[in-house]
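K.L.:
In full-length UniProt numbering, the protein residues as written are 1 to 275.
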């Protein structure tokens with residue numbers, strides 16, 4: 001039996017669970033019942049754990065397990081994992097005195113089962129950064145520190161998948177309007193090279209590997225204008241897998257809403273089946 005991992009920037013979990021209109025009941029029906037081995041990596045929870053548990057109460061009562069870390073800045077960032085199975089261990093942050101309080105990374109371990117190997121999943125919300133200035137510097141310090149952690153993580157014999165909002169479009173295939181964004185944060189040459197270096201090492205961009213050299217599939221669109229309707233998006237929500245996990249990946253999909261008013265986030269969930 002396959003297991004599935006989804007990464008989803010929920011853009012505020014308390015907003016994501018609300019019914020927005022008769023055709024958009026929010027995140028909870030999408031989440032559904034906790035069936036099989038399923039793992040949902042969330043970013044931008046923007047809530048304390050108490051608030052998140054209240055928002056997700058129907059799902060937790062149905063049997064989902066929540067592991068999360070919030071940010072020291074109220075209403076900002078926050079990442080977590082929803083799982084159909086209880087984790088055997090949870091690590092909040094990646095050993096960085098500077099960044100572990102910012103609610104941008106969490107890892108959870110799961111024991112081996114009949115249908116899958118021992119598994120570690122990481123939920124990442126990489127800083128957006130800027131073209132210059134302090135926010136750019138903060139992002140690059142985060143990237144430098146996190147790359148060291150990733151190098152260690154990739155060497156594990158268990159399956160490892162780090163999913164999340166990486167806030168970098170790696171190549172021109174990953175951004176519709178790449179010509180007009182050459183100097184934009186998220187598409188800077190140094191950012192793209194950082195991803196290239198990860199992929200030249202022990203990590204695989206699972207969706208790109210499965211889908212080949214096609215534009216997209218995009219996972220984020222601006223709320224403004226006709227970006228969503230025109231599919232003028234960015235592919236910034238990745239599954240990076242170590243060798244053990246990458247060879248199990250069998251299919252990938254972006255769960256794009258049918259229409260603009262049926263979105264419960266400005267990101268679409270990105271789901272990979274691992275057989």
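Here a beta-carbon is modelled for each residue, glycine too, at the ideal position from N, C-alpha and C.
Here the structure is a predicted model, which is why all the values come from computation and not from measurement.
(1) Given this structure, state the Cα-to-Cα distance separating residue 226 from residue 86, to the nearest angstrom.
(2) For residue 234, count the other beta carbons within 10 Å of its own beta carbon; 16 or more makes it buried, fewer makes it exposed. Which is it?
(3) What span of residues does the alpha helix (DSSP H) with residue 148 cover, start to end?
(4) Could you compute how far the alpha carbon of residue 101 sits from the alpha carbon of residue 179?
(5) Less than 8 Å between the beta carbons of residue 11 and residue 261, yes or no?
(6) Would you call the segment 128 to 139 and the segment 110 to 119 touching, i.e. three or more CB-CB distances under 8 Å?
(7) Quick check: what's the CA-CA separation for residue 248 versus residue 205?
(8) So residue 236 and residue 219 are supposed to be a Cβ contact under 8 Å. How far apart are they, rounded?
(9) Take residue 71 as the anchor and find which of 222, 84, 51 has the nearest alpha-carbon.
(10) If you compare alpha carbons, which of 173, 19, 120 is closest to residue 212?
(11) Note down, one range per segment and in chain order, each alpha helix (DSSP H) of at least 4 residues found wholly within the segment 220 to 255.
(12) Is it buried or exposed for residue 230, if we count other Cβ within 10 angstroms and need 16 for buried?
(13) Since I believe residue 239 is in contact with residue 270 (beta carbons under 8 Å), could you give me their beta-carbon distance rounded to a whole number of angstroms?
P.N.:
Inspection of the coordinates gives the following:
(1) Spanning the two alpha carbons is a distance of roughly 41 Å.
(2) By the 10 Å Cβ count, residue 234 comes out buried.
(3) Per DSSP, residue 148 is one residue of the alpha helix (DSSP H) stretching across 134 to 154.
(4) One Cα belongs to residue 101, the other to residue 179, and the distance between them is close to 36 Å.
(5) Result no, Cβ atoms of residue 11 and residue 261 do not sit closer than 8 Å.
(6) Touching, no.
(7) Rounded to whole angstroms, the separation of the alpha carbons of residue 205 and residue 248 is 13 Å.
(8) Sure, about 7 Å apart at Cβ, within 8 Å.
(9) In this structure, 51 is the residue among 222, 84, 51 with its C-alpha nearest to the C-alpha of residue 71.
(10) The residue with the shortest Cα to Cα distance from residue 212 is 173.
(11) Counting only unbroken stretches of 4 or more residues, the alpha helix (DSSP H) elements lying wholly within the segment 220 to 255 are 243 to 246, in sequence order.
(12) Counting every other CB atom within 10 Å of its CB across the protein chains shown gives residue 230 a total below 16, marking it as exposed.
(13) With 8 Å as the limit, residue 270 and residue 239 qualify as a contact, their Cβ atoms being about 7 Å apart.
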